[in-house]
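K.L.:
Handing you a structure now.
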């Protein structure tokens with residue numbers, strides 16, 4: 001049984017990653033939209049995630065935060081969806097899932113903020129340099145049709161989101177490898193459904 005599953009999100013956030021992952025599982029869930037200016041920083045939600053950030057999921061009373069963790073958790077909690085790695089996929093699955101969550105996230109956000117570490121500082125950072133991280137990510141998406149091999153997995157939800165947003169908002173360079181990879185993952189029915197739901201939620205806020 002799926003049990004009670006709640007998604008806390010905002011359509012203008014990384015909550016889109018968690019919704020996409022939930023749509024991939026096909027399990028029923030309740031979505032609670034929290035607002036940046038009020039409910040996201042209020043006591044009820046802070047009892048779920050003290051960081052006051054989205055997304056978060058609550059499954060059978062247990063809280064999971066951080067998008068990469070949510071993707072990995074849901075893949076294991078609902079194995080019938082076929083999104084967890086097979087034995088031969090595990091190395092690439094975990095490697096690139098956490099590469100995107102760690103070095104890529106750090107490199108992209110620091111670069112966007114205009115912070116470029118010096119050669120000495122680069123030794124202290126998990127990503128070394130922005131250019132090196134981008135080049136490694138490009139090689140990763142070129143190696144196989146999907147990030148862990150020939151089959152779509154939960155890691156593609158996270159890595160695909162990072163690539164798609166990076167190219168869309170200019171935090172990653174426009175390269176054919178990124179465009180081709182994102183085209184493959186974003187053609188999935190679950191991605192289309194999740195995007196339509198969040199886009200519809202964005203309309204009233206933008207109005």
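Residue numbers (full-length UniProt numbering): 1 to 207.
For every residue, glycine included, the Cβ atom is placed at its ideal position computed from N, Cα and C.
Straight-line CA distance for residue 163 to residue 119?
P.N.:
When rounded, the distance between both Cα atoms is 26 Å.
K.L.:
When you compare each of 108, 87, 140, 79 to residue 97 by their alpha carbons, which one comes out closest?
P.N.:
Comparing Cα-Cα distances from residue 97 to each of 108, 87, 140, 79, the minimum goes to 140.
K.L.:
With 16 other CB atoms within 10 Å as the buried threshold, where does residue 62 fall?
P.N.:
The residue in question, residue 62, is exposed, as its Cβ has fewer than 16 Cβ neighbours within 10 Å.
K.L.:
For residue 85 versus residue 93, is the C-beta distance shorter than 8 Å?
P.N.:
In this structure, residue 93 lies closer than 8 Å to residue 85 by Cβ.
K.L.:
By Cβ distance below 6 Å, which residues in the same chain neighbour residue 112 in space, the five residues on each side in sequence not counted?
P.N.:
The residues are 171.
K.L.:
Report yes if the C-beta distance between residue 182 and residue 149 is below 8 Å; otherwise report no.
P.N.:
No, the Cβ-Cβ distance between residue 182 and residue 149 is not below 8 Å.
K.L.:
Can you name, in chain order, every residue of its own chain whose Cβ lies under 7 Å from the Cβ of residue 21, other than the five neighbours on each side?
P.N.:
Counting only Cβ-Cβ distances below 7 Å, and skipping sequence neighbours, we find 70, 71, 74, 154, 157.
K.L.:
Can you give me the Cβ contacts of residue 29 inside the same chain, cut-off strictly under 7 Å, excluding the 5 residues immediately before and after it?
P.N.:
Only 5, 6, 7, 22 meet the Cβ criterion.
K.L.:
Sorted by chain position, which residues of the same chain lie with C-beta nearer than 8 Å to residue 126's C-beta, five sequence neighbours on each side aside?
P.N.:
The residues are 102, 103, 106.
K.L.:
List the endpoints of the continuous alpha helix (DSSP H) containing residue 54.
P.N.:
It is not in any alpha helix (DSSP H) - residue 54 carries neither H nor E in the DSSP assignment.
K.L.:
Using a C-beta cutoff of 8 Å, does residue 143 count as contacting chain B?
P.N.:
Here there is only one protein chain, and chain B is not present.
K.L.:
Using only the alpha-carbon positions, how far apart do residue 116 and residue 169 sit?
P.N.:
Rounded to whole angstroms, residue 116 to residue 169 spans 19 Å at the Cα level.
K.L.:
In this structure, how does DSSP classify residue 77 when only helix, strand and coil are distinguished?
P.N.:
Residue 77: helix per DSSP, three-state reduction.
K.L.:
What do you get for residue 55, buried or exposed, if any count of 16 or more other CB atoms within 10 angstroms of its CB means buried?
P.N.:
Its Cβ being crowded by 16 or more others within 10 Å, residue 55 is buried.
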